[in-house]
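For reference, the structure discussed in these notes is given below.
Residue numbers (this note's numbering), protein chains in the order written: chain A, 194 to 378; chain B, 30 to 293.
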């Protein structure tokens, strides 16, 4: 409930996590192709995080580590974090990781996030202030939403400074001033 | 708690930083006779022809625009000094040379409004641009160094340089903080988290002038109204009933465009 109106927070909670049901539930359609409107005990399904969180608190399910924090991803991040396509794994990799870590009780996720961010931060920094847009467009597709925000913040402030330095019209005429008043009849 | 132009990213626009820079004092040589001016920020004058005096930058620019004074470029803005600074800036990789806090804005304002008062204008200009580019590059390399720390110290940065990196550094530090101390993330609404943040030593970037800025805006317009009223000729041009008169008043209120159509 921390960021109730934050759209990024809402979208991060839309990510799917694999869960196992401990209890059978009737009258729920989780898989549209199933024949009955019920979930059996021990069924393995994928639920969005917001739903899984609530069911977990009621001890109806147990959550396992999602695919984007799999062993393979970890190895890739250890090899070269800057080149890993985190966006395709999860567009809200960091936010999602922070939310899922306490639920699955995996301390290593937080360490993974920090080490990944440390390396990718440097990459974003050098790209954001120096490189031209055409060379970075490919790099941008690898970034998660949080990293894109960071990159765009840096770009925007640099662009604003350059615009100010170049000058141009220093005074802007208020739009109301140009209009002629209608004569009163 | 920052500039008015964009409430989301807590950034001053370059124009807002320039506005703050205009409160710096600068020496002018007036060519008119005028009594001392008593402002909230201090008393300036009296103004006597050929007698140099210190005034805030915005007043100097306003007088300069009307051809009422010559601006004396500040001491540091000499070719010799700037060449030295540039050399030392290039030599030392880590440290930044001491320059006025608002050197980027002040030089820009001087180049815009007081071209004729600066000796070796083109040389000075290219030197300052070089210095600025070297420094910005150095800022970037020094930003590369930090990883996971909660405090960053880069002495002698100027206002504009801080302003350029502020949104990026602020967010990056916040992310570092979040991943470094996952259990400490305050679980409250952002708006009410100011106190929690202060208690947690969460990284924030603040310029001391942010708060000071709020009271600055009104006093200048007050001066321009006074300046206008003190001029007899205003009555010849300023006819509040007509269309033109209203637009003059609006311009005076809404922007920097205090160039009301009368001359002294």
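Even for Gly, the Cβ is constructed at its ideal location relative to N, Cα and C.
*In this structure, does DSSP put residue 106(B) in helix, strand or coil?*
coil
*Could you work out which residue in 197(A), 256(A), 301(A) is closest to residue 209(B) when comparing CA atoms only?*
301(A)
*Say whether the segment 147-157 of chain B touches the segment 51-66 of chain B, bearing in mind that this needs 3 or more beta-carbon pairs closer than 8 Å, one atom from each stretch.*
no
*Helix, strand or coil for residue 214(A) per DSSP?*
strand
*Are there three or more Cβ pairs, one per stretch, closer than 8 Å when the segment 264-282 of chain A is compared with the segment 293-313 of chain A?*
yes
*asked:* Let me check one thing: in DSSP terms, what residues is residue 239(A) bridge-paired to?
replied: 211(A)
_If I measure Cβ to Cβ from residue 205(A) and keep anything under 6 Å in the same chain, skipping five residues before and after, which residues do I get?_
285, 288, 289
*In terms of residue numbering, what span does the beta strand (DSSP E) encompassing residue 59(B) cover?*
54-59
*asked:* With a threshold of 8 Å between beta-carbons, can residue 42(B) be considered close to chain A, or not?
replied: yes
*asked:* Does residue 221(A) pass the burial test, meaning 16 or more other C-beta atoms within 10 Å, or should it be called exposed?
replied: exposed
*Using the Cα positions of residue 215(A) and residue 227(A), report the straight-line distance between them to the nearest angstrom.*
19 Å
*Quick one: does residue 159(B) have its CB under 8 Å from some CB of chain A?*
no
*At a cut of 8 Å, does the segment 181-189 of chain B reach the segment 121-135 of chain B through at least three beta carbon pairs?*
yes
*asked:* If we define contact as Cβ-Cβ less than 8 Å, is residue 251(B) a contact residue for chain A?
replied: Because residue 251(B) carries a pLDDT of 49, less than 50, the predicted location of this residue cannot be relied on, and no value is offered for it.
*Quick one: Cα of residue 372(A) to Cα of residue 197(A), how far?*
43 Å
*Hey, which unbroken runs of the alpha helix (DSSP H) at 4 residues or more fall wholly within the segment 135-202 of chain B?*
150-174
*Cβ-based neighbour list, residue 282(A), same chain, cut-off 7 Å, excluding 5 preceding and 5 following*: 261, 266
*contact_flag[the segment 70-82 of chain B, the segment 50-60 of chain B] where n(CB pairs < 8 Å) is 3 or more*: yes
*Show which residues of chain A have a CB atom less than 8 Å away from the CB atom of residue 208(B).*
287, 291, 303, 306, 307, 310
*asked:* Let me check one thing: in DSSP terms, what residues is residue 261(A) bridge-paired to?
replied: None, per the DSSP bridge assignment.
_Opening and closing residue of the alpha helix (DSSP H) in which residue 342(A) lies_ = 338-359
*Would you say residue 168(B) and residue 157(B) are within 8 Å of each other, going by their C-beta atoms?*
no
*My guess is that residue 163(B) and residue 118(B) are in contact by the Cβ rule of under 8 Å, so how many angstroms apart are they, rounded?*
5 Å
_Proximity test, Cβ basis, 8 Å: residue 189(B) and chain A_ = yes
*asked:* Strictly under 8 Å for the Cβ-Cβ distance: is residue 320(A) near chain B by that measure?
replied: no
*As assigned by DSSP and simplified to three states, the class of residue 82(B)*: strand
_Beta carbon of residue 256(A) nearer than 8 Å to that of residue 318(A)_ = no
*Please go through the same chain and pick out, in chain order, the residues whose beta-carbon is closer than 8 Å to the beta-carbon of residue 351(A), but skip the five residues on each side of it.*
321, 322
_Contacts of residue 314(A) in chain B (Cβ-Cβ under 7 Å)_ = 201
*Answer yes or no: do residue 245(A) and residue 231(A) have a C-beta to C-beta separation smaller than 8 Å?*
no
*In chain A, what lies closer than 7 Å to residue 53(B) by C-beta?*
By Cβ distance, chain A contributes nothing, its closest Cβ being about 18 Å from residue 53(B), past 7 Å.
*Closer than 9 Å by beta-carbon distance: list the chain A residues that pair up with residue 65(B), in chain order.*
Within 9 Å Cβ-Cβ: nothing; residue 65(B) doesn't reach chain A, min ~30 Å.
*In the DSSP assignment, find the beta strand (DSSP E) that holds residue 317(A) and state where it starts and stops.*
Counting along the chain, residue 317(A) falls outside any beta strand (DSSP E), though it belongs to the alpha helix (DSSP H) covering 300-322.
*Determine, using beta carbons only, whether residue 202(A) and residue 258(A) come nearer to each other than 8 Å.*
no
*Taking the alpha carbon of residue 277(A) as the point to measure from, which residue in 312(A), 250(A), 294(A) has its own alpha carbon closest?*
312(A)
*Would you mind sorting residue 70(B) into buried or exposed? The rule is 16 or more other CB atoms within 10 Å of its CB.*
exposed
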